[in-house]
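**Student:** Below are the structure tokens for one structure; questions will follow.
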Amino acid sequence: MKQHLEKLMNQENLAIEEMKQATEHCFTTTVTDTEIASLLTALRAKGETADEIAGIVEVIRAQSTSVPTSLHHVMDNCGTGGDQSHSFNISTTAAFVIAGAGASIAKHGNRSISSKTGSADVLEHLGISLSFQPEQTEEILQENGIAFLYAPHVHPNLKRFMKVRKELGLPTIFNLIGPLTNPVELDSQLLGIYRRDMLGMMAESLKKLGRRRALVVNGAGYMDEASLAGKNHLALLENGQTSAFTLNPEEVGLPKYTNDQIRGGDAKDNAVILQNVLQRKQGPYLDTVLLNAGLGLFANGTASTIQEGIMLAKESIDSGAALDKLHRLIDYSRQTPSEVI
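Quick note on numbering: our numbering labels position 196 of the sequence shown as 182, and the sequence is numbered without any gaps.
Shown next, in the form of structure tokens:
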């Protein structure tokens, strides 16, 4: 560990294998909290690379609860958080729309950390279990096309990292990698990130982690979701290559709204917003979900263009398919005994 720390403090990047070694050391009983804090701080001070991000993620996933699935082309649409926009749960709502359009989605998430209401908070309020076992998750994915993976439940070995992060009180690499640590073997991903300067790097990290296709987005106002407030910045990973582009709402036939118009509230408020969107209530919440679900379907390859993705998202909501995905997940939670976390 000392060798890796000295290299980082000299502003030298770690190769992916070096990062894996440093991270593996953090899971041993001999490592101290000071060493973990030093690693996280040195990485942040230097600036993380795609190799370092991929290296730490590979080790964390290896230490996670395995959630095998026989399904192909499973995706996630989790964002990093951290944008301080106080928006409603956009990606969580969009996940049901994506599933209703026929894509399989393993939604990875947590309780609120940097926002008022996390995905786990709103789903729990709706009656969805946070503690499905791996075999239950596989069954739900097979039958319903969408399952929720509660981060603390699938990453039980990260408690020391979380303790150190809390004591540091500073942004670290963990503010970036949460969406990458999904234990399901993902084929594609829509990744929202609050740092526009890292769009290309995160796309490169997803490539190193084996994604077939991926779309990384930083929205207008530096949201970790696509926004209807103005220009969105995106990086597409396709055929092993990354390309950058921008997207304005009018280019895909959607109206403009300010980010203040999509603010959310507590878990109860956001649960109502989620249900209203899936029940076709018109307005900025619905249109924002159409954009983000459309991007997700494009990232997955279900849609060949973003415009087609938005059309499929609209059909998913209008047909009731998206709402049915929510109801089935709630029903499964009621019928399946699970350990309370």
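Cβ atoms here follow ideal geometry from the backbone N, Cα and C, with glycine treated the same way. Just so it is clear, the structure is predicted and the values come from calculations on it, not from any experiment.
Can you tell which of Arg249, Pro270, His11 and Asp255 has the C-alpha that lies nearest to the C-alpha of Gly41?
**Tutor:** For the residues Arg249, Pro270, His11 and Asp255, the minimum Cα distance to Gly41 belongs to His11.
**Student:** Return the Cβ separation of Thr78 and Ser105 in integer angstroms, given the expectation that the two are a contact with Cβ distance under 8 angstroms.
**Tutor:** 4 angstroms between Cβ atoms; contact.
**Student:** Does Leu144 get closer than 8 angstroms to chain D when you measure Cβ to Cβ?
**Tutor:** The displayed structure is made up of one protein chain only, and chain D is not part of it.
**Student:** Quick check: Ser191 and Ala36, are their CB atoms within less than 8 angstroms of each other?
**Tutor:** Result yes, Cβ atoms of Ser191 and Ala36 sit closer than 8 angstroms.
**Student:** Could you tell me the boundaries of the beta strand (DSSP E) in which Leu223 lies?
**Tutor:** Taken as a continuous stretch (DSSP letters only), the beta strand (DSSP E) holding Leu223 covers Asn218 to Glu224.
**Student:** How far does the beta strand (DSSP E) with Gln70 in it extend, from its first residue to its last?
**Tutor:** Unbroken run through Gln70: none, as it is neither H nor E.
**Student:** Where do the N-terminal and C-terminal ends of the alpha helix (DSSP H) with Tyr243 fall, by residue?
**Tutor:** Element bounds for Tyr243: n/a, residue is neither H nor E.
**Student:** Contact defined as beta carbons within less than 8 angstroms: I believe Phe200 pairs with Ala285. What is the distance between those atoms, to the nearest angstrom?
**Tutor:** Note that residue 200 is Ala in the sequence shown, not Phe. Right, the Cβ-Cβ distance comes to about 6 angstroms (below 8 angstroms), so this counts as a contact.
**Student:** Tell me whether the beta-carbon of Leu264 lies closer than 8 angstroms to the beta-carbon of Ile303.
**Tutor:** Yes.
**Student:** So the candidates are Ile46, Lys254 and Ala257; which of them puts its Cα closest to the Cα of Arg146?
**Tutor:** It is Ile46.
**Student:** With DSSP collapsed to three states, give me the class of Ser174.
**Tutor:** Here Ser174 sits in strand by DSSP.
**Student:** Is DSSP giving His139 helix, strand or coil here?
**Tutor:** Helix.
**Student:** Taking only runs that begin and end inside the region 256 to 315, name each unbroken beta strand (DSSP E) of 3 or more residues, in chain order.
**Tutor:** Fully enclosed beta strand (DSSP E) runs of 3 or longer: not present.
**Student:** Mapping the DSSP letters down to three states, classify Ala87 as helix, strand or coil.
**Tutor:** In this structure, Ala87 counts as coil in the three-state DSSP scheme.
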